[in-house]
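Colleague:
2 protein chains.
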Amino acid sequence: MTESQIKQAGLKVTLPRMKILEILETGGEGEGARHLRAEDVYRILLTRGEVVGLATVYRVLTQFEAAGLVSRHNFEGGHAFFELERGTHHDHLVCIKCGRVVEFLDEAIEERQRAIAAEHGFTLEDHTLNILGLCPNCQAGQPRPS
Amino acid sequence: MTESQIKQAGLKVTLPRMKILEILETGGEGEGARHLRAEDVYRILLTRGEVVGLATVYRVLTQFEAAGLVSRHNFEGGHAFFELERGTHHDHLVCIKCGRVVEFLDEAIEERQRAIAAEHGFTLEDHTLNILGLCPNCQAGQPRPS
DNA sequence: CGCTAGTCGAGAAAGCTTCTCATTTACTTA
DNA sequence: TAAGTAAATGAGAAGCTTTCTCGACTAGCG
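Protein chains in written order, with the numbering used here: chain A, 247 to 392; chain B, 247 to 392.
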């Protein structure tokens, strides 16, 4: 079924694409690390002994984004995070110490944003809301190594 | 009074710093263009015949940010925008075509964010909310050249 | 099985930002 | 006011993320 997603996007089903999609699905190793930088994906591939160029990772992630399979987020600090698109919009709560990301959705905020765009005569194409703070672990002085 | 701000930050009052602060205050030329990239500041200085290195612009803006005189925003696209800090928090409505920026503040959204951070056990250190859309001019097919 | 367009990997290159370091400047002390 | 000192500057090199180039390779089709 992941194959069909790639095909629907008008892309050929190749090994690098399958591997990258799989890493985005599983987060590489443990749980929850589903917000990955391009270099994270590349490093995970290397760890597994897979030979995929960094340029290919960027290229494929960009293609996936264009195809709507993946969404790209610009948190603070110059590099983008990629996340598998699951059809449900959400915003992010980001720990400024360990980088942990929690997703949330608040309909009251969504509604206010629509109203604000309208008030100023803007169309609403997209939005990014990132709340930055310290997660419970990092407040306790025990940053978990992600 | 701008001098005193610089001094309070523990920085020496130098010509480059005064000039950069002045550009941030006036926006360089016309009205409203108060969200400038480092390179914009640099270019405006050049236009005025001032000799200030790009490295100095970056250095000074970073120092001003640390001192709370300036805030840095990462809208889409790899480069940061700097804005004079006027003590009042606000979020941004950004035109994805002409780059025009409108500031807004919505207390309902602010309140919901505090609640969301608390629900997840996060401290709330900061947040960035950028609404992306088309401004009235660009919807009309007449992008104003900023 | 062979063709062809699409894809890949590696390294070069681009764009933004930071670093290095010799020179210059602001502020302090006499 | 002159001199000394620590900080700041400017120019270019370097760093980082991301994109581009291009010859080699491969998926998908006939």
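Virtual Cβ for every residue (Gly too), placed ideally from N, Cα, C.
1) Against chain A, does valine 189(B) count as a neighbour if the rule is that its beta carbon must be under 8 angstroms from one of theirs?
2) Should aspartate 372(A) be labelled buried (16 or more other beta-carbon atoms within 10 Å of its own) or exposed?
3) Are any of the Cβ atoms in chain B nearer than 8 angstroms to that of glutamate 220(A)?
4) Excluding the 5 residues flanking isoleucine 269(A) on each side, which residues of the same chain have their C-beta closer than 8 angstroms to its C-beta?
5) Is DSSP giving glutamate 277(A) helix, strand or coil here?
6) Measure the C-alpha to C-alpha separation of histidine 366(B) and threonine 248(B) and round it to an integer number of angstroms.
7) Can you check DSSP and say which residues form a bridge with arginine 318(A)?
8) Are the CB atoms of glutamine 359(A) and isoleucine 377(B) within a distance shorter than 8 angstroms?
9) Alpha carbon to alpha carbon, how far is cysteine 384(B) from isoleucine 342(B)?
10) Helix or strand or just coil, what does DSSP make of valine 259(B)?
11) Classify lysine 258(B): buried if its beta carbon has 16 or more other beta carbons within 10 angstroms, exposed otherwise.
12) Exposed or buried, which one is glycine 379(B) when buried takes at least 16 other CB atoms within 10 Å?
13) Count the other C-beta atoms from every protein chain shown that fall within 10 angstroms of the C-beta of valine 332(B), then say buried if there are 16 or more, exposed otherwise.
14) Lysine 265(A) and glutamate 311(A) - do their beta-carbons sit closer together than 8 angstroms?
15) Return helix, strand or coil for isoleucine 342(A), following the three-state DSSP convention.
16) Does any residue of chain B have a CB that is nearer than 8 angstroms to the CB of aspartate 372(A)?
17) Compute the distance between the beta-carbons of arginine 280(B) and leucine 339(B), then report whether it is under 8 angstroms.
18) Which residues in chain A have a C-beta closer than 9 angstroms to the C-beta of alanine 386(B)? List them in chain order.
19) Taking Cβ positions only, does alanine 354(A) come closer than 8 angstroms to chain B?
20) Consult DSSP for glutamate 349(A) and reduce its assignment to one of helix, strand or coil.
21) Report the rounded CA-to-CA distance for leucine 315(A) versus cysteine 381(A), giving the unit in angstroms.
22) Output yes if chain B places a C-beta closer than 8 angstroms to the C-beta of phenylalanine 368(A); else output no.
23) Tell me where the alpha helix (DSSP H) around threonine 374(A) begins and ends.
24) Between Gly345(A), Glu322(A), Arg346(A) and Gly387(A), which has its C-alpha nearest threonine 374(B)'s C-alpha?
25) Rounded to whole angstroms, what is the Cα-Cα separation between glutamate 357(A) and glutamine 254(B)?
26) How about histidine 335(A) and leucine 351(A): do their beta carbons lie closer than 8 angstroms?
27) Compare the beta carbon distance of phenylalanine 328(B) and alanine 284(B) with 8 angstroms and say whether it is the shorter of the two.
28) Quick check on cysteine 381(A) - is its C-beta less than 8 angstroms from some C-beta in chain B?
29) Over the uninterrupted alpha helix (DSSP H) stretch that includes glutamate 249(B), give me the two end residues.
Modeller: If we stick to the structure as given:
1) A query on residue 189(B) cannot be resolved here, the shown segment of chain B reaching from 247 to 392 and no further.
2) Locating residue 372(A) in the first sequence gives position 126, where the first residue counts as 1. By the 10 Å Cβ count, aspartate 372(A) comes out exposed.
3) Outside the displayed span of chain A (247 to 392) sits residue 220(A), for which this structure offers no information.
4) Here residue 269(A) refers to the residue found at position 23 when the first sequence is read from its first residue. If we look at isoleucine 269(A) and ignore the five residues flanking it on each side, its Cβ neighbours are Leu282, Val287, Ile290 and Leu291.
5) For the purposes of this step, residue 277(A) is taken as residue 31 along the first sequence, with counting starting at 1. Residue placement at glutamate 277(A) cannot be trusted, given a pLDDT of 45 that sits under 50; what the coordinates show is reported in the next sentence. The answer is coil: DSSP assigns glutamate 277(A) none of H, G, I, E or B.
6) By one-based count along the second sequence, residue 366(B) stands at place 120. By one-based count along the second sequence, residue 248(B) stands at place 2. Spanning the two alpha carbons is a distance of roughly 40 angstroms.
7) If you number the first sequence from 1, residue 318(A) lands on position 72. Partner residues in the beta bridge of arginine 318(A), as assigned by DSSP, are Phe328(A).
8) Translated into the one-based positions of the second sequence, residue 377(B) becomes position 131. Translated into the one-based positions of the first sequence, residue 359(A) becomes position 113. Yes, the Cβ-Cβ distance between isoleucine 377(B) and glutamine 359(A) is below 8 angstroms.
9) Along the second sequence, read from residue 1 onward, the residue named residue 384(B) stands at position 138. Along the second sequence, read from residue 1 onward, the residue named residue 342(B) stands at position 96. Going by the C-alpha atoms only, they are around 9 angstroms apart.
10) To locate residue 259(B), count along the second sequence from 1; it is residue 13. In the structure shown, valine 259(B) falls within a coil segment according to DSSP collapsed to helix, strand and coil.
11) Along the second sequence, read from residue 1 onward, the residue named residue 258(B) stands at position 12. Lysine 258(B) is exposed by the Cβ-count criterion.
12) Position 133 of the second sequence, counted from the first residue, corresponds to residue 379(B). Buried: at least 16 other Cβ atoms inside 10 Å.
13) As a first step, residue 332(B) must be located in the second sequence, where it is residue number 86. One point to set straight first is that residue 332(B) is arginine, not valine, in the sequence displayed. Classification of arginine 332(B): exposed, given that the 10 Å Cβ count is below 16.
14) Residue mapping note: residue 311(A) aligns to position 65 of the first sequence, counting from 1. Residue mapping note: residue 265(A) aligns to position 19 of the first sequence, counting from 1. Cβ atoms of glutamate 311(A) and lysine 265(A): not closer than 8 angstroms.
15) On the first sequence, position 96 is the one that residue 342(A) refers to. Coil at isoleucine 342(A), not helix or strand.
16) For the purposes of this step, residue 372(A) is taken as the residue at position 126 of the first sequence. Interface residue, yes.
17) Position 34 of the second sequence, counted from the first residue, corresponds to residue 280(B). Position 93 of the second sequence, counted from the first residue, corresponds to residue 339(B). No, they are not a contact pair.
18) Numbered from 1 along the second sequence, position 140 holds the residue referred to as residue 386(B). Simply none; closest approach about 10 angstroms.
19) Counting from 1 along the first sequence, the entry for residue 354(A) is found at position 108. Using a Cβ-Cβ cut-off of 8 angstroms, alanine 354(A) counts as an interface residue toward chain B, since at least one Cβ of chain B sits closer than that to its own.
20) On the first sequence, position 103 is the one that residue 349(A) refers to. Here DSSP, grouped into helix, strand and coil, assigns glutamate 349(A) to strand.
21) Looking up residue 315(A) in the first sequence gives position 69. Looking up residue 381(A) in the first sequence gives position 135. If you draw a straight line from the Cα of leucine 315(A) to the Cα of cysteine 381(A), it is about 28 angstroms long.
22) Start at 1 with the first residue of the first sequence, and residue 368(A) comes out as number 122. For phenylalanine 368(A), the nearest CB of chain B lies under 8 angstroms from its own CB, placing it at the interface with that chain.
23) In the first sequence, residue 374(A) corresponds to position 128, counting from 1. Premise fails: threonine 374(A) lies in the beta strand (DSSP E), 372 to 379, not in any alpha helix (DSSP H).
24) Stepping through the second sequence from its first residue, residue 374(B) is reached at position 128. Distance from the Cα of threonine 374(B) is smallest, within the candidate group Gly345(A), Glu322(A), Arg346(A) and Gly387(A), for Glu322(A).
25) To locate residue 357(A), count along the first sequence from 1; it is residue 111. To locate residue 254(B), count along the second sequence from 1; it is residue 8. Taking the Cα positions, glutamate 357(A) is about 41 angstroms away from glutamine 254(B).
26) On the first sequence, residue 335(A) is found 89 positions in, with the first residue counted as 1. On the first sequence, residue 351(A) is found 105 positions in, with the first residue counted as 1. Cβ atoms of histidine 335(A) and leucine 351(A): closer than 8 angstroms.
27) Along the second sequence, read from residue 1 onward, the residue named residue 328(B) stands at position 82. Along the second sequence, read from residue 1 onward, the residue named residue 284(B) stands at position 38. For phenylalanine 328(B) and alanine 284(B), yes; Cβs fall inside 8 angstroms.
28) In the first sequence, the residue the question calls residue 381(A) occupies position 135. Answer yes: the Cβ-Cβ gap between cysteine 381(A) and chain B drops below 8 angstroms somewhere.
29) Along the second sequence, one-based indexing puts residue 249(B) at 3. In the DSSP annotation of this structure, the continuous segment of the alpha helix (DSSP H) that includes glutamate 249(B) starts and ends at 248 to 254.
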